[in-house]
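Colleague: In the working numbering, the protein residues as written are 119 to 632.
Glycine included, every Cβ here is placed at the ideal spot set by N, Cα and C.
Take a look at this one; I'll ask things after.
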């Protein structure tokens, strides 16, 4: 009897396993057939492997370390202006379609969920998928980044941090020691953002070496985001794990954990001060206003939500501006004719190099603006494709009708390197921006629409003031630096030069006295 029961049990298990295997095979075959032939976007051209699986983009994003933009360029050369690049996403290259995809407030645009998991900040505004939830979160932050708010920040913080950087550079002019501009600008922008958010900065500018470990951590974090986009559960798990465990797992993450715990402590202090009835504390921060906001439901004012908001503001407010600043200094110093023309314009407009006019005045200088626009074209804020979904309507692109709910992406890098719009696109040529303003339509380094860059006014203030101040006060010379230290070699959501690069380095040859 026991033998019979054992035989029946074994047979039953075999039948179950066989049935499960059969179901798996059928499900796999159905998925293949559906994605290749039955999907609403099966009609769009592109490689079959990309239609079957995200393994195609994973290979270029992760295995090849951020090489997808160049593969997308190749695919468009082969298949045309619209290409299917994942089972649910099409990618478009057409500068005139940009404003239709990244539409204004009159249309709804969701964000592709796959693009949200790279940084593990699921409660932050940048990682919000739904249009309506994003609009609510964005509306709560908009007042802090208005032109009026940035003008106040410019007067009390931005200029002070630039001056502190200049003091470090003045000291380097005496010693002849080269300065790594990426480290310097990471320190400056992080100090600006932490003081802006918390009324107390990290003082990276006070350190002689500008705290290079933090700059290196940003690169590591950016590259990791390419992996976490495909397996967001990993970063979510790391963010939820005890700090001591994460630090033991990877000691290089210590600065991130320190920042997170520091922001958590500061937000708790804000809550305590408000709990004591201190409506107008001396060190009021943006988090006082967010916690008191009547436009946000209670869950949006939780400590977890606020900590993630702080993290994304500090990091996003730094990495994109840093790449621009180090690159524009390179382009200016590397070309004597550009440097001379810009220096003449700045000397005529700024009689005292230690008393600069406000940003809105600097924006009227034609050549400075042309230089900044050209660098903005070559140094994208976000190099990664930005996917949007129209949840309630079809999109029409030329002869193609894109079904509603389809993820549609475009790439700033490909837009800015379109030779039909920008002839000789790899050349740094400020002259193209002088005179006719028709090219402004195609400059999208801050993206467009309801999900365009929140900190555009802050970034522009940092750009104009930093460039004008440094070129007006100092003479620089490149130190073992070439164009390869500037050009994008990896797309880690934001552009990065070769991982072997030692950075944009310069010596300070002269400092103009007061």
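When you compare each of 328, 352, 316 to residue 382 by their alpha carbons, which one comes out closest?
Modeller: Measuring from the Cα of residue 382, the nearest candidate turns out to be 316.
Colleague: Evaluate residue 229 with the Cβ neighbour count: other Cβ atoms within 10 Å of its Cβ, from every protein chain shown; 16 or more gives buried, anything less gives exposed.
Modeller: Buried is the call here.
Colleague: Ends of the alpha helix (DSSP H) at residue 293?
Modeller: Its alpha helix (DSSP H) spans residues 277–293.
Colleague: If you drop the 5 nearest sequence neighbours on each side, which residues of the same chain put their C-beta closer than 7 Å to that of residue 131?
Modeller: Taken in chain order, the list of residues that qualify is empty.
Colleague: Rounded to whole angstroms, what is the Cα-Cα separation between residue 190 and residue 245?
Modeller: If you take the alpha carbons of residue 190 and residue 245, they lie about 24 Å apart.
Colleague: For residue 505, report the span of its beta strand (DSSP E) as first-last.
Modeller: 504–507 is the extent of the beta strand (DSSP E) around residue 505.
Colleague: Taking 8 Å as the threshold, find out whether the stretch 617–632 comes into contact with the stretch 591–605 through three or more Cβ pairs.
Modeller: Yes, since at least three Cβ pairs between the stretch 617–632 and the stretch 591–605 fall closer than 8 Å, the two stretches touch.
Colleague: Measuring straight from C-alpha to C-alpha, what distance separates residue 125 and residue 148?
Modeller: Only weak support exists for where residue 125 lies, its pLDDT of 46 falling under 50; the value from the coordinates is given anyway. Those two C-alpha atoms are separated by around 34 Å.
Colleague: With respect to the beta strand (DSSP E) encompassing residue 614, which residues constitute its N-terminal and C-terminal limits?
Modeller: Residues 612–614.
Colleague: Quick check on the DSSP output: the beta strand (DSSP E) that includes residue 270 runs from which residue to which?
Modeller: Where residue 270 is concerned, there is no enclosing beta strand (DSSP E), although the alpha helix (DSSP H) it sits in stretches over 265–271.
Colleague: Tell me whether the stretch 461–481 and the stretch 416–427 touch, counting them as touching only if at least three CB pairs, one residue from each stretch, are closer than 8 Å.
Modeller: The stretch 461–481, when compared against the stretch 416–427, does not touch it at the 8 Å Cβ threshold.
Colleague: Span of the beta strand (DSSP E) holding residue 526?
Modeller: Start and end: 525–528.
Colleague: For the beta strand (DSSP E) holding residue 208, just list the boundary residues, first then last.
Modeller: Per DSSP, residue 208 belongs to the beta strand (DSSP E) from 207–210.
Colleague: Specify, as a first and last residue, the run of the alpha helix (DSSP H) that residue 466 falls within.
Modeller: 454–467 is the span of the alpha helix (DSSP H), which, as asked, contains residue 466.
Colleague: Relative to the alpha-carbon of residue 517, which residue among 161, 145, 156 has its alpha-carbon at the smallest distance?
Modeller: Here the closest residue by C-alpha is 161.
Colleague: Could you check whether the stretch 521–528 touches the stretch 495–510, counting it as contact only if at least three pairs of C-beta atoms, one from each stretch, sit closer than 8 Å?
Modeller: The answer is yes - the stretch 495–510 touches the stretch 521–528, with three or more Cβ pairs under 8 Å.
Colleague: How many Å lie between residue 512 and residue 227 at the Cα?
Modeller: Those two C-alpha atoms are separated by around 12 Å.
Colleague: Could you tell me which residues DSSP puts in a beta bridge with residue 519?
Modeller: Answer is 514, bridged to residue 519.
Colleague: Can you tell me which of the three DSSP states residue 346 falls into?
Modeller: In the structure shown, residue 346 sits in a helix (DSSP, three-state: H, G or I).
Colleague: Starting from residue 624 and walking both ways along the beta strand (DSSP E), at which residues does that stretch end?
Modeller: Where residue 624 is concerned, the enclosing beta strand (DSSP E) stretches over 623–629.
Colleague: Tell me, please, whether the stretch 194–214 touches the stretch 321–330 by the rule of three or more beta-carbon pairs shorter than 8 Å.
Modeller: No: fewer than three Cβ pairs fall under 8 Å.
Colleague: Drop a sphere of 10 angstroms on the beta-carbon of residue 478, count the other beta-carbons inside from all chains shown, and report buried for 16 or more, exposed for fewer.
Modeller: Burial call: exposed.
Colleague: What are the boundary residues of the beta strand (DSSP E) that includes residue 201?
Modeller: Segment 200–204, the beta strand (DSSP E) holding residue 201.
Colleague: Just curious, the beta strand (DSSP E) that residue 405 is in, first and last residue?
Modeller: First-last for residue 405: 404–410, but that is the alpha helix (DSSP H), not the beta strand (DSSP E).
Colleague: Identify the continuous alpha helix (DSSP H) that holds residue 576 and give its terminal residues.
Modeller: Here the alpha helix (DSSP H) through residue 576 covers 574–591.
Colleague: Out of curiosity, what's the CA-to-CA distance linking residue 655 and residue 283?
Modeller: Because the chain spans 119 through 632 in this model, residue 655 falls outside it and cannot be assessed.
Colleague: Scan the stretch 142–186 and note each continuous alpha helix (DSSP H) run of 4 residues or more that stays entirely inside, going in chain order.
Modeller: For the stretch 142–186, whole alpha helix (DSSP H) runs of length 4 or above, ordered along the chain, are 166–170, 173–176.
Colleague: Residue range of the alpha helix (DSSP H) that residue 484 falls in?
Modeller: That run of the alpha helix (DSSP H) goes 484–496.
Colleague: Tell me the start and end of each unbroken alpha helix (DSSP H) in the stretch 525–571 that is at least 4 residues and wholly inside, in chain order.
Modeller: Listed in chain order, they are 530–534.
Colleague: Please classify residue 440 as buried or exposed, where buried requires at least 16 neighbouring CB atoms within 10 angstroms.
Modeller: When all chains shown are included, residue 440 counts as buried.
Colleague: Sorted by chain position, which residues of the same chain lie with C-beta nearer than 6 Å to residue 535's C-beta, five sequence neighbours on each side aside?
Modeller: Only 543 meet the Cβ criterion.
Colleague: In the DSSP assignment, the alpha helix (DSSP H) including residue 320 goes from what residue to what residue?
Modeller: That residue, residue 320, is in no alpha helix (DSSP H); it is neither H nor E in DSSP.
Colleague: If I follow the unbroken alpha helix (DSSP H) through residue 500, where does it start and stop?
Modeller: Where residue 500 is concerned, there is no enclosing alpha helix (DSSP H), given that its DSSP letter is neither H nor E.
Colleague: Can you tell me the Cα-Cα spacing of residue 594 and residue 482, whole angstroms?
Modeller: Computed Cα separation, rounded: 25 Å.
Colleague: If you draw a straight line from the C-alpha of residue 312 to the C-alpha of residue 430, how long is it?
Modeller: Rounded to whole angstroms, residue 312 to residue 430 spans 11 Å at the Cα level.
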